[in-house]
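Structure record follows, encoded as structure tokens.
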Amino acid sequence: MEKTIRLDQETPYLSRCDSLIIDSIDDDATIRQLGGRDLPGSLLLILDQTVFFPEGGGQPSDRGRIETIDPPIVSYTVVHVLEADGIVYHQVLPLPEHAVVAGQTAVCLLDWDFRFTNMQRHCGEHILSAVFFERWGGINRGFHMGDDFMTIDISLEDDVEDDEAPYSFTEEDMTVAEWEANRMIWQNLPVIRHFFSTRETASEIPMRKALNVETDITLVGLGDLSYAAGTVACCGTHPNATGEVGIIKIYKRESYKGMTRITFDAGAPALERIRKESDLIRALCRRYSAEPDTLSARLASSEDKKNELRQELFELKQVAIRERADEILDALPSRGRRAGTLLVREYKALKVDDLLSIGRLIPKDRLGLLALIDPISITVVLFSGGLPDCGKIVKDNAQVWNGKGGGKSENARAMFPTRQDLDCFLDYLQKVHGREEVRRDEVHPSER
């Protein structure tokens, strides 16, 4: 089978073409073996020529449609494109009702917005990589183009002596790199493509990264091919000039396997993210009555005030917890533990953790059975000196009224789906363990 004619390499701005269907593959195992996606019911179409870029070099494949012109008329959605041994395979959906006829004429319709965005982004990667190479000698050892961002992995291994620590990029370096990359965009440098049949002829051109292929080599250069930092072998699609990239924005840097991973984006996706972040900043400025240049200080001040309020609330809550513990102690017998007595308290303004703090302040030798209730979460926390066994009470009885929970002999909790279920459980406790005093819906003076 002859190699597919790659129109995307010759004319990356071509968004449609007429093609002949050469063959098709509908066996899922063969599709996976060739590198297709695991999509049951999909089909691989082989055409004599195509405008679709097959995935490679860190760039995702194009997407779009393939529509047959000759009967039977079928419209396919192109979900993935791959290349193997010079043959381009178009993975499409849906699987047609009729067998694909070799020799049919079809029209390839590219999703142009997606293609041009990838052209912007891939060229943006070349520009930023050129900046890191020219300024720091950094070599791009890895490139990934994701849906929401791109990454390059910059290695400085050639610049480090055995007894030297590797250079660590700073935030200031990221700012410098971003400015220099965007200046290359503003210069609107031509993006040049040259095709070479052999490695020997391509190697005559200065470039920032050694070749790792032997034949059918495409070199992409920024400005002209004498600019080594901007020249590299690449199979991807690019615009005709750097100005079409629009913008490059660096998001963050991080250490990665002895290199520095730069997360960034270019073109329309970068502009869209900047727009969203700008909208967020404007909303925060309105919320905090600030300007963009004073927003950070206003947020810090607001956080300081919140921390002060949290501390005040904590201190007030500690006072309230101590007061409630004292009230419970006053209500308990003064001499030893009286088995069979039950004391119930309910606090609307306190949470379960606060109830646990109250219980820890009560000496165990003063307790019969203490039940503290959080009505908001419909939870009861039990305390005793070990007899009666709080954990056993919950384990054996809470489930009777749809409750869940557990604990130890001296402390346990049970949660209920309804207040009625909780009240039934409390009635059981009062019948079995006696009733000394019950207070519900208590509002402490400090809560009024």
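Residue numbers (the numbering used here): 4 to 451. Every residue gets a Cβ at the ideal spot worked out from N, C-alpha and C, and that includes glycine.
Counting the other Cβ atoms within 10 Å of the Cβ of arginine 325 gives fewer than 16, which makes it exposed. By the neighbour-count definition (other C-beta atoms within 10 Å, threshold 16), isoleucine 72 is an exposed residue. Beta bridge pairing from DSSP links proline 193 with Ala244. Checking the DSSP bridge columns, you'll see lysine 255 partnered with Thr266.
For the 8 angstroms CB-CB criterion, leucine 113 and serine 45 do not form a contact. According to the DSSP assignment, serine 27 belongs to the beta strand (DSSP E) that extends over 19 to 28. Within the same chain, and ignoring the five residues on either side of tyrosine 431 in sequence, the residues whose Cβ sits closer than 7 angstroms to its Cβ are Asn400. A direct Cα-to-Cα measurement between valine 347 and serine 412 gives close to 18 angstroms. Burial is judged here by how many other beta carbons sit within 10 angstroms of a residue's own beta carbon; threonine 80 has fewer than 16 and is exposed.
DSSP places valine 81 inside the beta strand (DSSP E), whose first and last residues are 78 to 87. Isoleucine 157: member of the beta strand (DSSP E) spanning 153 to 158, first to last residue. Looking at the DSSP output, glutamine 94 shares a beta bridge with Leu47 and His83. Within the same chain, and ignoring the five residues on either side of isoleucine 253 in sequence, the residues whose Cβ sits closer than 7 angstroms to its Cβ are Met177, Ala180, Glu181, Ile265 and Phe267. In the DSSP secondary-structure assignment, arginine 289 is not bridged to any residue.
Excluding the 5 residues flanking it on each side, glutamine 52 has same chain C-beta neighbours closer than 7 angstroms at Thr7, Ile8, Leu10, Cys20 and Ser22, in chain order.
Nearest Cα to tryptophan 139 within the set Asp26, Ser158, His147 and Gln62: Ser158. Here alanine 231 carries a helix assignment [DSSP, helix/strand/coil]. Contact check for glutamine 123 and glycine 239: beta-carbon distance about 11 angstroms, past the 8 angstroms limit, so the pair fails to qualify.
The residues Ser78, Tyr79, Thr80, Val81 and Leu112, in chain order, have a CB closer than 7 angstroms to that of arginine 68 in the same chain once the five nearest residues on each side in sequence are set aside. Going by beta carbons, glycine 61 and phenylalanine 198 fall outside the 8 angstroms limit. The Cβ atoms of glutamate 217 and arginine 202 lie closer than 8 angstroms to each other. Annotation: cysteine 238 is outside any beta strand (DSSP E) and is labelled neither H nor E by DSSP.
Take the alpha-carbon of leucine 222 and the one of alanine 205: they are about 8 angstroms apart.
Secondary structure at lysine 320: helix, using DSSP grouped into helix, strand and coil.
Per DSSP, reduced to three states, the secondary structure at arginine 278 is helical. By the neighbour-count criterion, in which a residue is buried when 16 or more other Cβ atoms sit within 10 angstroms of its Cβ, methionine 4 is exposed. Spanning the alpha carbons of glutamate 86 and glutamine 36 requires a straight line of approximately 12 angstroms. With contacts defined by Cβ atoms closer than 8 angstroms, glutamate 183 and valine 235 do not form a contacting pair. Taking each of Tyr291, Gln12 and Ala32 in turn and checking the Cα distance to glycine 59, the smallest one comes out for Gln12. Distances from the alpha-carbon of methionine 210 to those of Gly224, Asp219, Ile220 and Gln314 put Gly224 closest. If the five residues before and after asparagine 191 are omitted, its C-beta is found closer than 8 angstroms to the C-beta atoms of Ala244, Thr245 and Gly246, all from its own chain and listed in chain order. DSSP places threonine 421 in the coil class of the three-state scheme, outside both helix and strand.
Assignment of alanine 352 by DSSP, reduced to helix, strand and coil, places it in the coil class. Judged by beta-carbon spacing, leucine 373 lies beyond the 8 angstroms limit of glycine 389, meaning their Cβ atoms are not closer than that value. Between histidine 83 and arginine 40, the beta carbon gap of about 5 angstroms places them in contact (Cβ cut-off 8 angstroms). DSSP places glycine 127 in the uninterrupted alpha helix (DSSP H) bounded by 115 to 139.
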